[in-house]
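Q: Please read through the structure below; I'll follow up with questions.
Protein chains: 4
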Amino acid sequence: MYSFDFHKRVRYAETDQMGYLYYGNYAYYYEIGRVEMMRSLGLSYQKMEKQLGIMMPVMHLEVRYLRPAFYDDLITIRTTLRKMPTDTIVFHMELFNEAGKLLNGGSVKLCFVDMKTNKRAQIPDTLHKALLPYFQEKK
Amino acid sequence: MYSFDFHKRVRYAETDQMGYLYYGNYAYYYEIGRVEMMRSLGLSYQKMEKQLGIMMPVMHLEVRYLRPAFYDDLITIRTTLRKMPTDTIVFHMELFNEAGKLLNGGSVKLCFVDMKTNKRAQIPDTLHKALLPYFQEKK
Amino acid sequence: MYSFDFHKRVRYAETDQMGYLYYGNYAYYYEIGRVEMMRSLGLSYQKMEKQLGIMMPVMHLEVRYLRPAFYDDLITIRTTLRKMPTDTIVFHMELFNEAGKLLNGGSVKLCFVDMKTNKRAQIPDTLHKALLPYFQEKK
Amino acid sequence: MYSFDFHKRVRYAETDQMGYLYYGNYAYYYEIGRVEMMRSLGLSYQKMEKQLGIMMPVMHLEVRYLRPAFYDDLITIRTTLRKMPTDTIVFHMELFNEAGKLLNGGSVKLCFVDMKTNKRAQIPDTLHKALLPYFQEKK
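Line by line, the protein sequences give chains A, B, C and D. Numbering of the first sequence is given in numbering that gives the first Met the number 0, commencing with residue 0 and proceeding in unit increments. Numbering of the second sequence is given in numbering that gives the first Met the number 0, commencing with residue 0 and proceeding in unit increments. Numbering of the third sequence is given in numbering that gives the first Met the number 0, commencing with residue 0 and proceeding in unit increments. Numbering of the fourth sequence is given in numbering that gives the first Met the number 0, commencing with residue 0 and proceeding in unit increments.
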């Protein structure tokens, strides 16, 4: 298992007239969470596209709204990999407010696509190696 | 069952550097779909908030990405109610491109909240009445 | 002079906790205005990029906020060309609500860039020809 | 004069199919810049709305696009007040990339509105006091 926390403030642009973080903006928070998790492993999504020619389109998104997030809240975005990715990768997401209350949970499933052939690919070696220490079998 | 189609073009603002409609923007298309479905029944979400004091926060969102949508595509947003809503309402969503290909499917579950008491409520009478003809038992 | 009106509704996603159309979203309305104006002339921005290899990056934006736009308002986006474009093009923008009140005014200046050479270009012939009838000298 | 730097990364959501930070998203960067500048002075826009009943609608926005910002660029948002605000406040904005190149410049003019009376107001005392050391006359 590998888990990473990143912090982001709710901006005016992201609120709606209910005074809530708009329900459609959670996907943006999830994007930030998974990209910063990858960076914490020494990997850049930018480089994956540019150097490896691998892009990662989203296949599935699920969002569960438990409590609203409000303007100027400093949100903790917790991103967790529960399994070693293969030809897909599933990020599990949890958002907490400053009081530590769970506001929102969800998941995003992406696949790997070779940009030259436009075909599905396996997890890139660099990502697999970076994750290996966190998914070793216990003996 | 009640189903309604609405059309919306993919805008530059909504694309990403993959050249796709950004995965997080589907929630915005879903919002447009359900609001225009309600308008097709003679109901305005705006009035529901202002006149009935009922708001509809989102509880759950699911999005399945089948094929990308591209810039300037004229998307058909099909919104379907499969069951008469009670204290929650589930909109089933399908997005098609101009060739009639299904690009995306999903669902949004919302509840009704009385803005005065901030408590959960049943489906407002006006919405229930407007939907009744489409959910009559077949005898 | 050439002027074109297009209509767009204010969506929940676009409001903020003041209950207004968020100030940053006007640029999105301006994009819709100028693209639909070009379509009204028989031109597609999409085709300009794909077939002519011309893209139009924005150089300058000005927005004047006179009155707020509210959720579900059906906005008239009026886009006007006051001069025949040369190596730049200036769209003058006005947004009106359903009562005909002017809510917002502004302008966007773009240039033409040849995507192969990445250099500045003159207005494409097709656009120039389409605009010619509206900018003839009066004799 | 008072100036403050804040850093923000360009996200996938914010790019467009040109591969640029979408021209309409600069207003969002400007919002972040001015709110974080106020926080650096010990002031929260959130509290200004909630405790003082003062909101700050935008009156005018100007954006000059010099060079594109790209995905994953870590942008420096520099926000500068050149004059002590009175009944309006003008934030001057500059955005730099990691190489220190100026990408974008602009300004946002806002006013102060008393949320009870819905009328224009002077700069709140707390903001005036916090800014005073930076705008003292040189004798």
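Glycine included, each C-beta is placed from N, C-alpha and C at the ideal position. Remember, it's a predicted structure, so these values are computed and weren't measured experimentally.
How would you write the range of the alpha helix (DSSP H) that residue 109 of chain B sits in, first residue to last?
A: That residue, residue 109 of chain B, is in no alpha helix (DSSP H); its beta strand (DSSP E) goes 101–113.
Q: Any idea what DSSP makes of residue 97 of chain C, helix, strand or coil?
A: coil
Q: What span of residues does the alpha helix (DSSP H) with residue 126 of chain C cover, start to end?
A: Unbroken alpha helix (DSSP H) run through residue 126 of chain C: 124–130.
Q: Which two residues bound the contiguous beta strand (DSSP E) that contains residue 120 of chain A?
A: 118–120
Q: Who are the neighbours of residue 10 of chain A on chain D, taking C-beta pairs under 9 Å?
A: 27, 30, 31 and 34
Q: Using 8 Å as the threshold, is the segment 71–82 of chain A in touch with the segment 103–117 of chain D, meaning 3 or more CB pairs across them?
A: no
Q: Please confirm whether residue 1 of chain D has its beta-carbon closer than 8 Å to some beta-carbon of chain A.
A: No - not a single Cβ of chain A is within 8 Å of the one on residue 1 of chain D.
Q: Taking the beta carbon of residue 65 of chain A as the centre, do at least 16 other beta carbons fall within 10 Å, making it buried, or is it exposed?
A: exposed
Q: Can we say the segment 46–65 of chain B touches the segment 18–29 of chain B, given the rule of at least three CB pairs closer than 8 Å?
A: yes
Q: Check whether the segment 115–125 of chain D touches the segment 85–105 of chain D, taking contact to mean three or more Cβ pairs, one atom from each stretch, closer than 8 Å.
A: Touching, yes, given that three or more Cβ pairs across the two stretches are closer than 8 Å.
Q: Determine the direct distance from the alpha carbon of residue 100 of chain B to that of residue 74 of chain B, and round the result to whole angstroms.
A: 10 Å
Q: Between the C-alpha atoms of residue 128 of chain B and residue 11 of chain C, what's the straight-line distance to the nearest angstrom?
A: Going by the C-alpha atoms only, they are around 25 Å apart.
Q: So the candidates are A/111, A/40, A/47 and A/18; which of them puts its Cα closest to the Cα of residue 131 of chain A?
A: Ranking the options by Cα distance to residue 131 of chain A, first place goes to A/40.
Q: Compute the Euclidean distance between the alpha carbons of residue 113 of chain C and residue 18 of chain D, then round it to the nearest angstrom.
A: Those two C-alpha atoms are separated by around 16 Å.
Q: Going by DSSP, which residues form a beta bridge with residue 19 of chain C?
A: C/69
Q: Which residues in chain D sit within 9 Å of residue 16 of chain B, going by Cβ to Cβ distance?
A: 11, 14, 15, 16, 17, 18, 19, 69 and 70
Q: How should residue 0 of chain A be labelled, buried or exposed, when 16 other C-beta atoms within 10 angstroms of its C-beta is the threshold for buried?
A: exposed
Q: What residues from the segment 39–56 of chain C come within 8 Å of chain B, judged by C-beta to C-beta, listed N to C?
A: 43, 44 and 45
Q: Using the rule of at least 16 other Cβ atoms within 10 Å of the residue's Cβ for burial, across every protein chain shown, is residue 116 of chain B buried or exposed?
A: exposed
Q: Excluding the five sequence neighbours on either side, which residues of its own chain have a C-beta within less than 7 Å of the C-beta of residue 96 of chain D, listed in chain order?
A: Contacts found: 68, 72, 74 and 102.
Q: Return the residue from the list A/2, A/92 and A/31 that minimises the CA-CA distance to residue 9 of chain D.
A: A/31
Q: Does any residue of chain C have a CB that is nearer than 8 Å to the CB of residue 58 of chain D?
A: yes
Q: Quick one: give me the first and last residue of the beta strand (DSSP E) that residue 58 of chain C is part of.
A: 57–64
Q: Among the residues of its own chain, which have a CB less than 7 Å from the CB of residue 125 of chain A, if the five just before and after it don't count?
A: Excluding sequence neighbours, residue 125 of chain A sits near 42.
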